[in-house]
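Numbering (the working numbering), first residue to last: 455 to 769.
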Ligand SMILES: [Zn+2]
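Written out as structure tokens, the structure is:
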């Protein structure tokens, strides 16, 4: 029985910093929650009305550059993908995420600080089976030359392909089975990236106001790269796209059992894919995981002390 349970955190953990797009500071605290609670954000800076925002695909508002959740009362939280990836990748299924601002802190542009904070507190088993979403037939969505697909598979695999004109990015592909802590080992420290041309366009539109090249985002300008102390992986961009995909897929409401294939996909397309998955009759079913299924989920088998120090970003 020891594997087939939902998890939460053993204790609360707090992160602080500015939002990538708003530039606004926020303090965010992950608080342990009971089985069946799921991941729910709570805006503590708003006094009146419903300030709870469940981390669910059907509350995602169309937003090209980040994943923004909006509840029925119009209360929102932006850029949830990196904390969602960290929670999913560490196998945390239940938490209340209190935040006193409109956007999740970007920290270093990756999920590594969140993973480190979560794993330092540790994960608490709750004695209730995990409900996963098992993909039963292929679903594909396409837009503007980008494509995202979910295929049946007995565990979660993420496959991603990108193709940028910037020579320092170019074509990159990677496939990763998400079991055995592979998110913490392979993906969590890869940072947000963009092109210099995008930075200028975003800032003209009032976005990326908290972005500091090399500090919380990697910026590519032709062959030039502003990456702080250098890239963390030769293919850091495609790894970050996989991190984003894990975070966006976590909005299914539970782990996905399926193979995700992203081809130049982004946040909006992955959300369109989840909408298509849940709209298509017979494409997905909720299953209470047995021990064998649970062992294939992200975060299962993750032993923090076994992750090499450079991946943990421990100074
Ligand atoms: Zn991202």
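No residue lacks a Cβ here, since even glycine has one placed at the ideal position from N, Cα and C.
Owing to the predicted nature of the structure, the values given are computational and were not obtained by experimental measurement.
Discussion item. Using C-beta distances below 6 Å, list every residue in its chain close to residue 486, excluding the 5 sequence neighbours before and after it, in chain order.
Written reply: The residue labelled residue 486 in the question sits at position 32 within the chain shown. Here the set comprises 462 and 463.
Discussion item. In whole angstroms, give me the CA-to-CA distance for residue 583 and residue 742.
Written reply: For the purposes of this step, residue 583 is taken as residue 129 along the chain shown, with counting starting at 1. For the purposes of this step, residue 742 is taken as residue 288 along the chain shown, with counting starting at 1. The straight-line gap from Cα to Cα measures roughly 6 Å.
Worksheet item: Can you list the beta strand (DSSP E) stretches of 3 or more residues lying completely in the stretch 586-624, in chain order?
Response: 593-597, 600-605 and 611-617
Item to complete: Under 8 Å by Cβ, that's how I've got residue 543 and residue 637 pegged, so tell me the actual separation to the nearest angstrom.
Response: Along the chain shown, read from residue 1 onward, the residue named residue 543 stands at position 89. Along the chain shown, read from residue 1 onward, the residue named residue 637 stands at position 183. That belief holds up - the Cβ atoms of residue 543 and residue 637 are roughly 3 Å apart, short of 8 Å.
Worksheet item: Assuming residue 473 and residue 558 make a contact with CB atoms under 8 Å, what is their CB distance in whole Å?
Response: Counting from 1 along the chain shown, the entry for residue 473 is found at position 19. Counting from 1 along the chain shown, the entry for residue 558 is found at position 104. With a Cβ gap of about 7 Å, residue 473 and residue 558 count as contacting.
Item to complete: Pick out whichever of 476, 673 and 578 has its Cα sitting closest to the Cα of residue 618.
Response: Residue numbering aside, residue 618 sits at position 164 when the chain shown is read from its first letter. Of the listed residues, the one whose Cα sits closest to residue 618 is 673.
Fill in: Chain-order list of residues whose beta-carbon lies under 6 Å from that of residue 593 (same chain, five-residue window excluded)
Along the chain shown, one-based indexing puts residue 593 at 139. Cβ neighbours of residue 593 beyond the five flanking positions: 604, 730, 731, 734 and 737.
Fill in: Unbroken stretches of the alpha helix (DSSP H), 4 residues or longer, contained in the stretch 509-548
535-543
Practice prompt. From the DSSP output, in three-state form, read off residue 692 for me.
Written response: Indexing the chain shown from 1 puts residue 692 at position 238. Residue 692 falls in the helix class under three-state DSSP.
Practice prompt. Using beta-carbon positions only, say whether residue 641 and residue 573 come within less than 8 Å of one another.
Written response: For the purposes of this step, residue 641 is taken as the residue at position 187 of the chain shown. For the purposes of this step, residue 573 is taken as the residue at position 119 of the chain shown. Not in contact: residue 641 and residue 573 (Cβ atoms no closer than 8 Å).
Practice prompt. Alpha carbon to alpha carbon, how far is residue 599 from residue 607? Give it in angstroms, no decimals.
Written response: Counting from one through the chain shown, the residue named residue 607 turns up at place 153. Counting from one through the chain shown, the residue named residue 599 turns up at place 145. A straight-line Cα-Cα distance of about 25 Å links residue 607 and residue 599.
Worksheet item: Would you say residue 498 touches ligand 3, meaning its beta carbon is less than 7 Å from a heavy atom?
Response: Only ligand 1 can be found as ligands here, which leaves ligand 3 out of the picture.
Discussion item. Beta-carbon within less than 6 Å of residue 455's beta-carbon, same chain only, minus the 5 sequence neighbours each way: which residues are those?
Written reply: As a position in the chain shown, residue 455 is number 1, starting the count at 1. Reliability fails at residue 455, whose pLDDT of 40 lies under 50, so the model's placement of it is uncertain and no value is given.
Discussion item. So for residue 734, helix, strand or coil by DSSP?
Written reply: The sequence position of residue 734 within the chain shown is 280, counting from 1. In this structure, residue 734 counts as coil in the three-state DSSP scheme.
Practice prompt. Would you give the residue range spanned by the beta strand (DSSP E) that residue 654 belongs to?
Written response: On the chain shown, position 200 is the one that residue 654 refers to. Counting along the chain, residue 654 falls outside any beta strand (DSSP E), though it belongs to the alpha helix (DSSP H) covering 650-658.
Practice prompt. Can you have a look at residue 759 and say buried or exposed, based on whether 16 or more other CB atoms are within 10 angstroms of its CB?
Written response: To locate residue 759, count along the chain shown from 1; it is residue 305. Label assigned to residue 759: exposed.
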